[in-house]
Amino acid sequence: MVEMAQLLREHLEGREGTTVLNRDNFGTVTLFRAYPPGVDTFAIKRQELEDPAFRDTLLAHNEFNRNIFGYVHSEAMAGRGVVISSTDCYRRTAYGEPIHALKSYIMSPFVDEADVEAVVHKIMEAREKVG
Numbered sequence: 076m077v078e079m080a081q082l083l084r085e086h087l088e089g090r091e092g093t094t095v096l097n098r099d100n101f102g103t104v105t106l107f108r109a110y111p112p113g114v115d116t117f118a119i120k121r122q123e124l125e126d127p128a129f130r131d132t133l134l135a136h137n138e139f140n141r142n143i144f145g146y147v148h149s150e151a152m153a154g155r156g157v158v159i160s161s162t163d164c165y166r167r168t169a170y171g172e173p174i175h176a177l178k179s180y181i182m183s184p185f186v187d188e189a190d191v192e193a194v195v196h197k198i199m200e201a202r203e204k205v206g
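Residues in the sequence shown are numbered consecutively from 76, following my numbering.
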């Protein structure tokens, strides 16, 4: 399970438009965010977390991630996808705003690489649809 969570983190970090928030956590939970095209996912985490000038950007990206979650959830309930979770407050920024995060819990020992790829595929699909 932990190996598949690590594989998911690698897949998300390797894509344009997604970033892992708990990269150093070696458990089964992966917290991550998706961003619209053109966002520098390496710089944006620090900017959103520390710089009050990015407040409006953070709030827009929070809404973007809520919409991604809504799309993925709707697809899953229709039998066309994967189930993920989300949190409205992964943590607070230095200026007090909550950071919304998407969550994956890999709990089954039967999860394989194809399942991990299905999660990433559905996130990327949602990113295109809600962008």
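From the three backbone atoms N, C-alpha and C, an ideal C-beta is built for every residue, glycine too. It should be emphasised that the depicted structure is a prediction, and the values quoted were computed from it without experimental measurement.
Cβ-Cβ distances below 8 Å link T162 to L106, H175, A176, K178 in the same chain, with the five nearest sequence neighbours on each side left out; the list follows chain order. In the DSSP assignment, the residues bridged to V95 are F107. Comparing alpha carbon positions, the residue from L134, S149, S160, R84 closest to K204 is S149.
Cβ-Cβ separation between E88 and V95: approximately 5 Å, consistent with a contact (criterion under 8 Å).
For the set A193, A189, L134, V104, the Cα lying nearest the Cα of A151 is the one of A193. If you draw a straight line from the Cα of L83 to the Cα of E125, it comes to about 26 Å. A contact is defined here as three or more CB-CB pairs under 8 Å, and the segment 194-202 fails this definition with respect to the segment 114-123. A201 and I143 do touch by the CB rule: their CB atoms are close to 4 Å apart, below 8 Å. Ranked by how close their Cα comes to the Cα of H136, the residues Y146, E123, G145 have E123 in first place.
For S149, the secondary structure class from DSSP, reduced to helix, strand or coil, is helix.
Annotated three-state conformation of R141 is helix, per DSSP.
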